[in-house]
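This note's numbering puts the first residue of the sequence shown at 50, with every later residue one more than the last.
Backbone N, C-alpha and C define an ideal beta-carbon position, used for all residues, glycine too.
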Amino acid sequence: MGKFHFIIFLLVFAFISCEEVPNETISLNGDWQFSEDGKNDWKTAEVPGTVQADLLRLGEIPDPFLKKNEDSIQWISERNWQYKKQFSVSEEILKRTKHFLNFEGLDTYAKVFLNDSLILSANNAFRSWEVDISDALKPENELLIIFKSPDSIEKSEAEKLDYELPGGSRVFTRKPQYQYGWDWAPKIKTIGIWKNISLINYNVARLKDVFLETKSISDSLAEIVAKFEIETVKEEEITLKITNKNTSETFSSNFKTKAGESEYQIPFNIKTPKLWWTYNLGEPYMYDIQVELIHNKNVLETHSKKIGVRSIKLITEKDSIGESFYFKLNGKPVYMKGANYVPQQIFETKLDQEKYTKLIDDAVSANMNMLRVWGGGIYEDNYFYQLCDAKGILVWQDFMFACTMYPGDAEFLENAKQEAIENIKRLRGHPSLALWCGNNENSEGWQRWGWQDGKTEAQKQEMWKNYYAVFNHILPRAVDSLSPNMNYWESSPKYGRGDKRYQFEGDAHDWWVWHDGYPFEHFEEEVPRFMSEFGFQSFPSVETIKYATERDSVLFNDPLFANHQKHARGFEIIEDYMARDFPVPQNDDDYVYMSQLLQAYGISKGIHAQRRAKPYNMGTLYWQLNDCWPAVSWSSIDYLGNWKALHYSAKKAFDNILISVEEKNDTLNIFVVNDSFKNIKDSLSVKLMDFDGTVFFEKQINAESPENSSKIMFSLPLETLQFHRKSCVLKISFGKSEFLHYFVKPKDLKLSKSEIEIKSEKVKDGFMITLFSKTLQKNVFLIANEKGTFGDNYFDLLPNEPKTILFSTESKSPPKLEYKTLNQFIK
């Protein structure tokens with residue numbers, strides 16, 4: 050080779066050597082096999098997935114969500130299972146310096162082998178696991194994961210204690226607690242690779258974490274600090290570059306790293322920032338931030354992050370009554386309206402983005418601005434929080450501990466600590482995140498559920514010491530160190546309903562209604578500072594019941610559906626309450642309809658009472674938004690996504706402007722509740738009429754509703770009016786808001802039986818449905834033969850006043866409509 054050509058060769062080689070390749074993450078999802086351990090009966094597996102989901106897909110077990118099939122699959126979680134996968138690695142990848150296997154979620158007790166060598170023992174479904182395999186990776190590789198049944202491990206852990214913990218075996222295993230059976234969920238303890246597996250490869254450096262922390266906010270400036278965790282093989286010169294895609298501004302810094310993991314910061318500003326608000330108060334504005342990791346002018350990694358500039362604080366201050374409990378968003382007190390959220394599917398496998406999107410859209414459609422992620426489920430997928438960010442819904446986030454006391458040995462505590470650290474770091478950048486809460490009802494249970502009975506003083510001290518270690522030490526310290534701008538709340542509720550302080554301090558779970566049989570009027574008599582749980586069951590839609598039973602009709606006392614009521618007294622309680630306030634139908638489909646009216650009636654009564662009490666009360670979150678399987682439950686949306694009467698009712702009760710009434714000492718006080726940050730002046734109209742439209746009293750006044758307030762606008766002395774309580778309705782309007790008040794229970798109304806005229810007109814998104822009746826029609830429930838969504842349902846149709854609603858559907862043919870009304874059941 051000539052001297053000239055040799056020089057050219059060296060230059061080209063040097064150029065190629067300097068041209069560093071970007072870091073790469075290779076998915077190892079997809080083609081896996083699974084078998085019961087020891088049998089080597091290998092079958093195709095889907096990853097992410099579970100053994101139960103795979104056996105169902107292969108037709109080897111019946112669908113546990115249907116009929117009585119749940120009991121027939123319990124054997125699966127009692128056995129050990131194994132997964133395996135072969136994968137190849139190219140020579141180019143093998144040449145890289147570092148290789149890691151990342152397991153985002155293993156459920157739960159797992160030993161992982163790479164090429165017959167044990168590389169990992171996992172014991173927490175809520176944690177991810179990463180293993181350095183730089184010295185073990187080969188061109189051809191086999192991964193083997195052996196999952197052990199939790200049963201024997203839980204038994205062994207229980208035997209270490211000289212007392213029994215409440216909650217049974219689930220307390221020893223860090224996996225979704227509701228899978229062990231709940232009063233709305235089946236017992237299905239999943240086993241498997243429930244999240245992604247990937248191979249991470251790099252030469253020089255990688256970003257392990259990026260956190261954009263808002264330090265201060267003013268009208269003119271938001272000060273942000275970008276915090277980075279970087280891992281490098283050796284000492285390196287690294288550049289970090291930040292680009293605000295909204296403003297095209299860039300910020301960059303050079304760092305000299307150390308070998309291993311190090312933390313770095315870059316402060317940057319956003320001028321005249323647009324704030325992130327809940328959708329009902331403004332725009333949930335998000336900034337798109339691009340982060341680049343650069344070495345020798347080569348971009349090794351690029352990450353897209355979003356930041357919502359906002360401040361959120363939980364305000365708990367002593368006052369003359371007790372102690373406040375409310376949230377300040379961007380310095381303003383905000384009334385929280387929403388529901389408790391549970392996992393949407395007990396087989397938590399592949400993310401169904403469409404299902405997630407629909408549920409969050411349904412929450413927004415019902416005027417909710419907060420969801421509570423309940424502590425017996427899962428730390429949700431990132432996509433859930435991204436949706437809440439984008440849609441403007443705040444998230445009250447429980448840590449995953451619920452309704453029991455937990456062990457306190459060193460291994461358990463360290464496991465809980467790492468679980469908390471990982472999930473705080475994963476979720477802390479979401480503007481939707483409003484609060485971290487330690488647990489659901491553990492403190493209340495300790496104080497009043499009999500958990501201390503039969504225990505020695507030493508045992509009680511140990512149990513409380515273990516509680517204190519997790520919820521007053523590990524979790525609050527983790528939140529404070531990793532997300533210092535976020536509040537931590539030890540336990541929900543602060544006090545159980547057996548403690549008189551539950552009404553005056555902190556948040557409350559009011560289960561006097563339902564569990565203790567109190568009438569719905571109790572909600573009006575004892576209003577807490579913040580209602581974080583209250584609820585009442587109803588049946589799901591007829592469609593969902595038919596789906597669960599695989600029948601063409603609904604049957605009373607159906608043995609195929611009995612297992613879908615998980616509360617021991619559930620059917621009995623529904624009927625007891627129904628007999629108090631509503632007629633009790635004998636037809637099965639009608640009973641389903643009436644149960645939903647009952648649920649909506651009771652919970653709406655509570656929402657109205659709580660919102661009227663503003664600012665004493667500053668939040669109402671009912672139990673629960675959704676279902677994880679087809680069931681009789683407290684949900685307002687059933688498993689198939691159908692809105693129950695409660696969800697339609699909540700949509701009205703959660704509106705920013707609410708008209709609500711209170712009967713007191715024979716006087717009717719009319720409130721206007723205003724959750725907006727504007728004073729609203731409009732005409733308040735009050736009209737008392739009978740069910741045929743005859744008007745007995747009418748009044749119209751100019752009124753002003755102050756911003757963020759609840760105010761009595763008009764008081765009506767009822768003794769001055771001559772009317773029949775059972776056959777009259779009071780229609781109240783304030784601007785576009787309207788409310789109908791009845792003076793007796795639904796079962797006591799003197800409703801007439803008459804027909805409703807229905808007309809439909811084709812429009813772009815479906816059909817406009819217009820209804821008309823000469824007499825009041827109570828709780829009109831429309832049923833269509835086509836798949837679609839009604840803009841309103843279970844509504845009251847006033848006499849001689851047409852009502853038009855949109856039926857959204859892709860069908861081109863006018864729907865054939867049927868309807869039910871309460872009128873049909875009044876004797």
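Handout entry: Ser205 in three-state terms, based on DSSP
Key = helix
Exercise for the section: With Pro97 as the anchor, note down where its alpha helix (DSSP H) starts and where it stops. Expected result: Careful: Pro97 lies outside any alpha helix (DSSP H) and carries neither H nor E.
Exercise for the section: Report the residue from Leu104, Val70, Leu115 whose alpha carbon sits nearest the alpha carbon of Gln614. Expected result: Leu115
Problem - Stretch pair the stretch 371 to 390 + the stretch 322 to 334: three plus CB contacts closer than 8 Å - result: yes
Problem - Which of helix, strand or coil DSSP assigns to Lys133 - result: strand
Problem - Glu575, DSSP secondary structure in three states - result: coil
Exercise for the section: Enumerate, from N- to C-terminal direction, the unbroken beta strand (DSSP E) stretches of 3 or more residues contained entirely within the stretch 331 to 399. Expected result: 336 to 344, 347 to 356, 361 to 364, 375 to 378, 381 to 383, 385 to 390
Handout entry: Glu85 to Arg128 span [Cα, whole Å]
Key = 7 Å
Exercise for the section: Give the straight-line distance between the Cα atoms of Leu733 and Asn606, rounded to the nearest whole angstrom. Expected result: 48 Å
Problem - Sub-9 Å separation of Ser177 and Phe149 beta-carbons - result: no
Practice task
Indicate whether Tyr642 and Lys836 have their beta-carbon atoms separated by less than 9 Å.
Solution key: no
Handout entry: Separation of Asn293 from Ile273, as counted between CA atoms
Key = 12 Å
Practice task
Mind checking which residues open and close the beta strand (DSSP E) that includes Thr288?
Solution key: 286 to 293
Practice task
On a CA-only basis, which of Met762, Ala174, Phe745 is nearest Asn751? Give me that one, please.
Solution key: Met762
Exercise for the section: Classify Asp565 as buried or exposed, calling it buried when 16 or more other Cβ atoms lie within 10 Å of its own Cβ. Expected result: exposed
Problem - Meets three-Cβ-pair contact criterion under 8 Å: the stretch 83 to 101 and the stretch 236 to 249 - result: yes
Practice task
Determine the closest residue to Met300 out of Glu286, Glu341, Glu262, with distance taken between C-alpha atoms.
Solution key: Inspection of the sequence shows that residue 300 is occupied by Phe rather than by Met. If we check each option's Cα against that of Phe300, Glu341 comes out closest.
Practice task
Return the first residue and the last residue of the beta strand (DSSP E) that Phe260 is part of.
Solution key: 254 to 266
Practice task
Put Met738 into one of helix, strand or coil per three-state DSSP.
Solution key: strand
Problem - Contacting residues, own chain, Cβ-Cβ under 6 Å from His479 (five flanking each side not counted) - result: Tyr434, Asp438
Handout entry: Buried or exposed (CB count within 10 angstroms, at least 16 for buried), Asp120
Key = exposed
Exercise for the section: Please report how far the alpha carbon of Phe632 lies from the alpha carbon of Phe874, in whole angstroms. Expected result: The identity of residue 632 in the sequence shown is Pro, whereas the question assumes Phe. Straight-line Cα distance between these residues: approximately 6 Å.
Problem - Neighbourhood of Glu372 by C-beta, 6 Å cutoff - its chain only, sequence neighbours within 5 removed - result: Thr365, Glu554
Handout entry: Cβ-Cβ distance between Glu573 and Ala658 below 9 Å
Key = yes
Problem - Where Cys452 sits in the DSSP three-state scheme - result: coil
Handout entry: DSSP state of Arg477 mapped onto helix, strand, coil
Key = coil
Exercise for the section: Report, in whole angstroms, the separation of the C-beta atoms of Tyr537 and Pro525, which I expect to be a contact under 8 Å. Expected result: 5 Å
Problem - Rounded straight-line distance, which links the Cα of Asp845 to that of Asn828 - result: 5 Å
Practice task
Could you please give me the residues that DSSP links to Asn751 through a beta bridge?
Solution key: Ser732
Problem - Per-residue burial, Tyr517 [other beta carbons within 10 Å of its own, 16 or more giving buried] - result: exposed
Exercise for the section: Quickly, what does DSSP pair Ser170 with across the bridge? List them, please. Expected result: Lys160
Handout entry: Every unbroken beta strand (DSSP E) inside the stretch 817 to 865 [3 residues or more]
Key = 826 to 833, 844 to 846, 852 to 857
Exercise for the section: Return the first residue and the last residue of the beta strand (DSSP E) that Thr281 is part of. Expected result: 270 to 281
Exercise for the section: Please report how far the alpha carbon of Ser860 lies from the alpha carbon of Asn245, in whole angstroms. Expected result: 38 Å
Handout entry: Limits of the beta strand (DSSP E) - the one that Glu592 falls within
Key = From DSSP, Glu592 is part of no beta strand (DSSP E) but of the alpha helix (DSSP H) over 591 to 598.
Problem - One or two residues paired with Met580 in a DSSP bridge - result: Ala557, Thr669
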